[in-house]
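*Asks:*
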Amino acid sequence: MKKSMNKSFVTRLVGKGERADGRQFDQFREIKIETGVIKTAEGSARVKMGKTEVIVGVKMSVGEPYPDIPNEGVLSVNAELSPLSSPQFEPGPPTEEGVEIARVIDRGIRESKCMQVEKLCIEPNEKVWRVNVDLHVLDYDGNLIDAGGLAAIAALLTTNIPKLDGDKVLYGEVDRPLEIKDVPIPITTTKISGKLLLDPNLDEQDAAQARITLTSTKDGNFCSIQKGGRGYFTKEEIEKAADLSILKGKELRQLLSV
Amino acid sequence: MESELFVNERELVIPGQTLAKGLDYLPSSGCFRDNNEVKAKLLGLVRLKDRFVSIVPLAGVYIPKPGDGVIGFVKDMQTSLWVIDINSPYDSIMLLGQAVDEYIDLNKTDISMFYDIGDVIYAKVLSVSKSKSVHLTMNDYRARKLIGGRIMKITPSKVPRLIGREGSMIEMIKDKTKTQIIVGQNGIVWLKGEKEALAVKAVLTIENESHTVGLTDRISELLEKESE
Amino acid sequence: MTKAGAPEKLIIDGKRIDGRGFEEFRPIEIKVANLKNAGGSASFKFGNTFAQAAIFGPQEMHPRHLLDPQKAYIKCRYTMAPFSTKERIRPGRSRRGTEISKVSKEALASVIFLEDYPKTLINIYIEILQADATTRCAGLNAASLALVDAGIPIKNLITSCSVGKIDGQIVLDVDGLEDNYGDVDMAIGMIGNENKYVLLQMDGIITREDLSKMLELAKTGCSKIFELEKNALTEKYKTGELNEEKHE
Numbered sequence: 006m007k008k009s010m011n012k013s014f015v016t017r018l019v020g021k022g023e024r025a026d027g028r029q030f031d032q033f034r035e036i037k038i039e040t041g042v043i044k045t046a047e048g049s050a051r052v053k054m055g056k057t058e059v060i061v062g063v064k065m066s067v068g069e070p071y072p073d074i075p076n077e078g079v080l081s082v083n084a085e086l087s088p089l090s091s092p093q094f095e096p097g098p099p100t101e102e103g104v105e106i107a108r109v110i111d112r113g114i115r116e117s118k119c120m121q122v123e124k125l126c127i128e129p130n131e132k133v134w135r136v137n138v139d140l141h142v143l144d145y146d147g148n149l150i151d152a153g154g155l156a157a158i159a160a161l162l163t164t165n166i167p168k169l170d171g172d173k174v175l176y177g178e179v180d181r182p183l184e185i186k187d188v189p190i191p192i193t194t195t196k197i198s199g200k201l202l203l204d205p206n207l208d209e210q211d212a213a214q215a216r217i218t219l220t221s222t223k224d225g226n227f228c229s230i231q232k233g234g235r236g237y238f239t240k241e242e243i244e245k246a247a248d249l250s251i252l253k254g255k256e257l258r259q260l261l262s263v
Numbered sequence: 005m006e007s008e009l010f011v012n013e014r015e016l017v018i019p020g021q022t023l024a025k026g027l028d029y030l031p032s033s034g035c036f037r038d039n040n041e042v043k044a045k046l047l048g049l050v051r052l053k054d055r056f057v058s059i060v061p062l063a064g065v066y067i068p069k070p071g072d073g074v075i076g077f078v079k080d081m082q083t084s085l086w087v088i089d090i091n092s093p094y095d096s097i098m099l100l101g102q103a104v105d106e107y108i109d110l111n112k113t114d115i116s117m118f119y120d121i122g123d124v125i126y127a128k129v130l131s132v133s134k135s136k137s138v139h140l141t142m143n144d145y146r147a148r149k150l151i152g153g154r155i156m157k158i159t160p161s162k163v164p165r166l167i168g169r170e171g172s173m174i175e176m177i178k179d180k181t182k183t184q185i186i187v188g189q190n191g192i193v194w195l196k197g198e199k200e201a202l203a204v205k206a207v208l209t210i211e212n213e214s215h216t217v218g219l220t221d222r223i224s225e226l227l228e229k230e231s232e
Numbered sequence: 634m635t636k637a638g639a640p641e642k643l644i645i646d647g648k649r650i651d652g653r654g655f656e657e658f659r660p661i662e663i664k665v666a667n668l669k670n671a672g673g674s675a676s677f678k679f680g681n682t683f684a685q686a687a688i689f690g691p692q693e694m695h696p697r698h699l700l701d702p703q704k705a706y707i708k709c710r711y712t713m714a715p716f717s718t719k720e721r722i723r724p725g726r727s728r729r730g731t732e733i734s735k736v737s738k739e740a741l742a743s744v745i746f747l748e749d750y751p752k753t754l755i756n757i758y759i760e761i762l763q764a765d766a767t768t769r770c771a772g773l774n775a776a777s778l779a780l781v782d783a784g785i786p787i788k789n790l791i792t793s794c795s796v797g798k799i800d801g802q803i804v805l806d807v808d809g810l811e812d813n814y815g816d817v818d819m820a821i822g823m824i825g826n827e828n829k830y831v832l833l834q835m836d837g838i839i840t841r842e843d844l845s846k847m848l849e850l851a852k853t854g855c856s857k858i859f860e861l862e863k864n865a866l867t868e869k870y871k872t873g874e875l876n877e878e879k880h881e
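Chains as they are written, first to last, in my numbering: chain P, 6 to 263; chain L, 5 to 232; chain Y, 634 to 881.
1) Helix, strand or coil: which one does DSSP assign to Met-10 of chain P?
2) Within the segment 120 to 151 of chain P, note down every full beta strand (DSSP E) run reaching 3 residues or more, in order along the chain.
3) Touch check for the segment 796 to 809 of chain Y and the segment 746 to 762 of chain Y: three-plus C-beta pairs under 8 Å?
4) Where does Ile-114 of chain P land, buried or exposed, given buried means 16+ other C-beta within 10 angstroms?
5) If you follow the alpha helix (DSSP H) that Glu-230 of chain L is part of, which residue opens it and which one closes it?
6) Determine the DSSP secondary structure at Ala-50 of chain P, reduced to helix, strand or coil.
7) Indicate whether the contact test is met: 3 or more Cβ pairs, each with one atom in the segment 55 to 73 of chain P and one in the segment 130 to 148 of chain P, closer than 8 Å.
8) Select from P:Asp-187, P:Val-136 and P:Leu-175 the residue whose C-alpha is nearest the C-alpha of Thr-164 of chain P.
9) Bridge partners of Val-665 of chain Y, per DSSP?
10) Is there contact here, the segment 227 to 245 of chain P with the segment 830 to 848 of chain Y, by at least three beta-carbon pairs under 8 Å?
11) Distance check for Leu-773 of chain Y and Ser-737 of chain Y, CA to CA, integer angstroms please.
12) At which residues does the beta strand (DSSP E) containing Leu-260 of chain P begin and terminate?
13) Would His-139 of chain L count as contacting chain Y if we go by Cβ distances under 7 Å?
14) Using DSSP's beta-bridge definition, name the partner residues of Asn-165 of chain P.
15) Ala-63 of chain L touches chain Y at which residues, Cβ-Cβ below 9 Å?
16) Can you give the beta carbon distance from Leu-161 of chain P to Val-63 of chain P, rounded, assuming they're within the 8 Å contact cut?
17) Report buried or exposed for Glu-877 of chain Y, applying the criterion of at least 16 other Cβ atoms within 10 angstroms of its Cβ.
18) Say whether the segment 15 to 33 of chain L touches the segment 45 to 63 of chain L, bearing in mind that this needs 3 or more beta-carbon pairs closer than 8 Å, one atom from each stretch.
19) So if DSSP puts Ala-820 of chain Y in a beta bridge, which residue, or which two residues, is it bridged to?
20) So Gly-234 of chain P and Gln-214 of chain P are supposed to be a Cβ contact under 8 Å. How far apart are they, rounded?
21) I want to verify the contact list: residues of chain Y whose CB lies under 7 Å from the CB of Lys-136 of chain L, in sequence order.
22) Give me the Cα-Cα distance between Val-129 of chain L and Thr-682 of chain Y, rounded to the nearest whole angstrom.
23) Just the chain Y side, please: which residues come within less than 9 Å of Cys-228 of chain P by C-beta, in chain order?
24) For Gly-825 of chain Y, would you say it is in contact with chain L, using Cβ-to-Cβ distances shorter than 7 Å as the test?
25) Helix, strand or coil for His-698 of chain Y per DSSP?
26) Output the residue ranges of the alpha helix (DSSP H) runs that lie fully inside the segment 741 to 815 of chain Y and measure 4 residues or longer, sorted by chain position.
27) Please name the residue, chosen from P:Gly-225, P:Asp-211, P:Gly-48 and P:Gly-199, that lies closest to Thr-239 of chain P on a Cα-to-Cα basis.
28) Which of the three DSSP states is assigned to Gln-21 of chain L in this structure?
29) Excluding the 5 residues preceding and the 5 following Lys-45 of chain L in the sequence, name in chain order all residues of the same chain whose CB lies nearer than 7 Å to its CB.
30) Measuring CA to CA, which of Y:Pro-660, Y:Ala-687, Y:Ile-644 and Y:Ser-795 is closest to Ala-666 of chain Y?
31) Regarding Val-67 of chain P and the ligand NAP, is the C-beta to nearest heavy atom distance less than 6 Å?
32) Pull up the DSSP beta-bridge partners for His-139 of chain L, would you.
33) Please name the residue or residues paired with Phe-56 of chain L in a DSSP beta bridge.
34) Where Ser-49 of chain P and Gly-153 of chain P are concerned, what is the direct C-alpha to C-alpha distance, given to the nearest angstrom?
35) Just how far apart, CA to CA, sit Asp-95 of chain L and Gln-692 of chain Y?
36) 7 Å is my cut-off, CB to CB: does Lys-223 of chain P come that close to chain Y?
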C-alpha cells in the first residue's frame, strides 16, 4: 500500500521538476568511502550513498584458470542483497535483481581491463590467482549498482596480493599490491515521469519507468552499458545519460583520489 | 484535425498497426488510442460499426462476460457451491441457489448429488465482478448437465464463425452429421451423434481457416463429400 | 590479448569473414505458430543462431501471494539447450540465463497491455537451440512474434539485433567469431521502428561517438527486422481475399 502511494507522489513531484529531498536531478546524495574496513579481506571498502550502505570485500585465492585463457587470473563478482538491509529481501538463492547487479559491476571491472589479469598467473595452465569480489548490502535505499560499483573499485584499489608458500596462501602476509590501472565507475540514470535523474533513493527507484547504467573509464570511454526496467529510452535520452556518466564518473573518481 | 480511416471491414491487421486517425473514430475491443491514432493491439480482422473500430482476434484466451453461455467442468465443491473450470484464466463459482430450485437441507444433503466433480455442464455467466469474480447460473432454458459425447476446444474468438450468421453454419454441420452440437462462448464444443468424427473435422477446419474467404462453401463441400 | 585460436583479421578486403558487408544481416528465417501445444509460438534465426519461443497464458496465477490484482504477472525464462554450443552446456539455471531472462522480460513487458488481464500469469519461454552469438536478440524477436500468436494484446512488435566493433569497424549483426575475437558486442531491443530502446546491453570499450553511431545502426537494423516480422505475420494469416479477387 505504502509503496504505491509513494510511487504516485514521487511521479507527481518529479513531473513538477522537484525531488522530495530537495536535490537537483543530477545531484548525488552524500557519499562516504572508507577502505580497509574488513581486516580478514585482502581488500575492502564501505560506501555510503545517502542511506544506502554497502560493503565490498575482496578475497584472493588460488585456483585453475579458464581453459581458453590459461595464463590469466580469474575475476568473480557476487552480490548479496542481505535480508538485514531491507524488509523486501528474503533469505535464499540470488534473485534476478542480485544477479544483475553483480554481473553489471563485474563487466565494468572486467571490460575496462583495469585488473591486469596477465600478471595474476602463478603457473601457466595450472594455477592462477582468483579475485573474489563480494558485495554485501547493509542498508537498502536505492542505487545499488552505483554504490556497489564504487565500493568494488575502491576495494580493488586497496587490495594486496598475499604471499604464497608453495601451494599455501599466507593470508595476512602481503606480497604486493594488486595492480589496478583504470577506475571504472558505473553511473545509473533513472527515468521518472519522462525526466532523467541520478542516484535515486528507494522511493524514486520504485517510481522509475526505467534505468540505464553506463560505466566509464578514466579516459571517458564506456566499458559497459545496461538498461533495466520496463520503460524505454530514446536515443537522445541515452546520449544524455552517457554524458552524465562521463561527468559524474570524473567527480566520483576524485572522491577516490585517483 | 481531420479524421481518416485506413482499413476496410474484415481486413487482417497486426498489433501496432494504425487503423484510423482523428477523434471521429473510437477504439473498441482489441484497439487502443495512441495520441491521435486508433491502433490494433491484437492480430485479427477489423470490424467497423458506426464510429467504433474493433478487432476480432484470431487467438486469445476466454474472458467471461455476463450472458455468455459456457460449457464448464466441475472441478471442486464446497458445502453450498461448485467451482467450475470454464477454460479461462479466471475460475467460476456456481452457488447452490443458482443451480437448484428446491429447498435443500444442507445437514442431510451432499450437493454432489446434483453436480459432482468431473461433470460437464452448460451454464450461463450470471455476473463478472470488477475483481474478476465469475458467477454461473443454471437459470436458463439451455442449461443442463451434458452426458456422454465428446469435448473439443477451439479459440473463443472463432465461436461466432462456427455458429455462423443466425446459426447457419452450426445448423448445417448438425444437420449433415446428425449430431447434437453445443457451442460454449468459451470455446468449448460438445458433440454427440452419428457422424461425430465428420462434425469434429468440420469444426477443426473452421478453427484453422476462420479468417479466410469462402469458408462456408468449403465446409458445405466437405460435409457433402464425406456424408456419402 | 590474443585468445587461443584467434583469426588474424576479422575484416579482409572490406568484407567480414563470412563475406558480409558491415551493415548486412546474416540470413534471417522466421516461423510463426510452429508449435502445437503452446498458446503462442515462433522461431527466429540469424544465420546459425536459432531461437524458439513459446507463450502460455494468460492463465491462473500461482503462487497466489505474488498475484497482482491489477495486472498480469509475467515470467520469462531464457535458457540455452545443452547442445546449442560446441562445448556442451550443463542444463539448469545459470547466472547469465537469469540476467538475460530479466532484461528480456522487461523489454517484452514494455509493450504488453498487462492491465487487460489482472490476476493472471503469462509464461514466456525462450530457448536457444543453436548459438552463434546474438542469441538474446533472436530470442526477443521470437518471443515478440509468439505474443502476437498467443493473442496477447501489445502496443507494437519488439525488434532486436546486435551491433559490434571488429578491427575498429562498427558492424551490424555480430556472429560467434566476431563476438569472441572482436572488441565490442552490443545487444539492442526496440519498439517496432520507433525511437524507443527497451533493451540495451554492451560490453567492450567504445567512445562516446561510437555510442551514437551504434545506436543509429541498431535502429536501422531493427527497422529491417520490423518489416520482416510484419511480413511473417501477414504471410501466415493470409485471408485469401487477394487470391479471390484475382480469380474474378
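By construction, the Cβ of each residue, glycine as well, lies at the ideal position given by its N, Cα and C atoms.
*Replies:* Here's the rundown:
1) Translated into positions along the first sequence, residue 10 of chain P becomes position 5. Three-state DSSP puts Met-10 of chain P in a helix.
2) If only complete runs of 3 or more residues are kept, the segment 120 to 151 of chain P shows the beta strand (DSSP E) at 126 to 128 and 132 to 144, in order along the chain.
3) Output reads no: the segment 746 to 762 of chain Y does not touch the segment 796 to 809 of chain Y.
4) Counting from one through the first sequence, the residue named residue 114 of chain P turns up at place 109. Ile-114 of chain P is buried by the Cβ-count criterion.
5) Sequence index remark: in the second sequence, residue 230 of chain L carries index 226 (1-based). Here the alpha helix (DSSP H) through Glu-230 of chain L covers 219 to 230.
6) Translated into the one-based positions of the first sequence, residue 50 of chain P becomes position 45. Per DSSP, reduced to three states, the secondary structure at Ala-50 of chain P is strand.
7) Short answer: they touch.
8) Numbered from its first residue, the first sequence carries residue 164 of chain P at position 159. Checked all of P:Asp-187, P:Val-136 and P:Leu-175; the closest Cα to Thr-164 of chain P is P:Val-136.
9) The count along the third sequence starts at 1 and reaches residue 665 of chain Y at position 32. Here Val-665 of chain Y is bridged, per DSSP, to Y:Ala-675.
10) For the pair of segments examined, the segment 227 to 245 of chain P was found to touch the segment 830 to 848 of chain Y: the number of CB pairs separated by less than 8 Å reaches three.
11) Taking the third sequence and counting its residues from 1, the one referred to as residue 737 of chain Y is at position 104. Taking the third sequence and counting its residues from 1, the one referred to as residue 773 of chain Y is at position 140. So the alpha carbons of these two residues sit roughly 6 Å apart.
12) Taking the first sequence and counting its residues from 1, the one referred to as residue 260 of chain P is at position 255. Looking at the DSSP string, Leu-260 of chain P is not in any beta strand (DSSP E); the run it does join, the alpha helix (DSSP H), is 240 to 260.
13) The residue labelled residue 139 of chain L in the question sits at position 135 within the second sequence. Not one chain Y Cβ lies under 7 Å of His-139 of chain L.
14) On the first sequence, residue 165 of chain P is found 160 positions in, with the first residue counted as 1. Looking at the DSSP assignment, Asn-165 of chain P forms a beta bridge with P:Pro-182.
15) Reading the second sequence from its first residue, position 59 is the one you call residue 63 of chain L. Under the 9 Å cutoff, chain Y gives Ala-666, Gly-672, Gly-673, Val-781, Asp-782, Ala-783, Gly-784 and Ile-785.
16) The residue labelled residue 161 of chain P in the question sits at position 156 within the first sequence. The residue labelled residue 63 of chain P in the question sits at position 58 within the first sequence. Confirmed, Cβ separation roughly 6 Å.
17) Locating residue 877 of chain Y in the third sequence gives position 244, counting from the first residue. Since pLDDT at Glu-877 of chain Y reaches only 33, below the 50 mark, its modelled position is unreliable, and the value read off the structure follows with that caveat. Glu-877 of chain Y is exposed by the Cβ-count criterion.
18) Counting C-beta pairs with one atom in each stretch, the segment 15 to 33 of chain L and the segment 45 to 63 of chain L have three or more that are closer than 8 Å, which means they touch.
19) In the third sequence, counting from the first residue as 1, residue 820 of chain Y sits at position 187. According to DSSP, which records beta bridges pairwise, Ala-820 of chain Y is partnered with Y:Ser-795 and Y:Gln-834.
20) On the first sequence, position 229 is the one that residue 234 of chain P refers to. On the first sequence, position 209 is the one that residue 214 of chain P refers to. Going by Cβ atoms, the distance from Gly-234 of chain P to Gln-214 of chain P rounds to 6 Å, so yes, they are a contact pair.
21) The residue labelled residue 136 of chain L in the question sits at position 132 within the second sequence. Pro-751 and Lys-752, listed in chain order.
22) The residue given as residue 129 of chain L occupies position 125 in the second sequence. The residue given as residue 682 of chain Y occupies position 49 in the third sequence. Looking at the two C-alpha atoms, the distance is approximately 47 Å.
23) Position 223 of the first sequence, counted from the start, is the residue given in the question as residue 228 of chain P. By Cβ distance, chain Y contributes Met-835, Asp-836, Gly-837, Ile-838 and Ile-839.
24) Counting from 1 along the third sequence, the entry for residue 825 of chain Y is found at position 192. So yes, Gly-825 of chain Y belongs to the interface.
25) Locating residue 698 of chain Y in the third sequence gives position 65, counting from the first residue. Annotated three-state conformation of His-698 of chain Y is helix, per DSSP.
26) If we require 4 residues or more, the alpha helix (DSSP H) runs fully inside the segment 741 to 815 of chain Y come out as 768 to 782 and 809 to 814.
27) Start at 1 with the first residue of the first sequence, and residue 239 of chain P comes out as number 234. Of the candidates P:Gly-225, P:Asp-211, P:Gly-48 and P:Gly-199, the one whose C-alpha sits nearest the C-alpha of Thr-239 of chain P is P:Gly-199.
28) As a position in the second sequence, residue 21 of chain L is number 17, starting the count at 1. Here Gln-21 of chain L sits in coil by DSSP.
29) Here residue 45 of chain L is taken as the residue at index 41 of the second sequence, counted from 1. Taken in chain order, the residues that qualify are Pro-19, Gly-34, Cys-35 and Phe-36.
30) Walking along the third sequence from the start, residue 666 of chain Y turns up at place 33. Among Y:Pro-660, Y:Ala-687, Y:Ile-644 and Y:Ser-795, the Cα nearest to that of Ala-666 of chain Y is on Y:Ala-687.
31) Among the components of this structure there are no ligands whatsoever, and the ligand NAP is therefore not found.
32) Numbered from 1 along the second sequence, position 135 holds the residue referred to as residue 139 of chain L. L:Ile-97 and L:Ser-131.
33) The residue labelled residue 56 of chain L in the question sits at position 52 within the second sequence. Partner residues in the beta bridge of Phe-56 of chain L, as assigned by DSSP, are L:Leu-30 and L:Lys-53.
34) Residue mapping note: residue 49 of chain P aligns to position 44 of the first sequence, counting from 1. Residue mapping note: residue 153 of chain P aligns to position 148 of the first sequence, counting from 1. Within the model, the alpha-carbon separation for Ser-49 of chain P versus Gly-153 of chain P is close to 12 Å.
35) Against the second sequence, residue 95 of chain L aligns to sequence position 91. Against the third sequence, residue 692 of chain Y aligns to sequence position 59. Each residue's CA atom was taken as its position, placing Asp-95 of chain L and Gln-692 of chain Y some 10 Å apart.
36) In the first sequence, the residue the question calls residue 223 of chain P occupies position 218. Closer than 7 Å: no.
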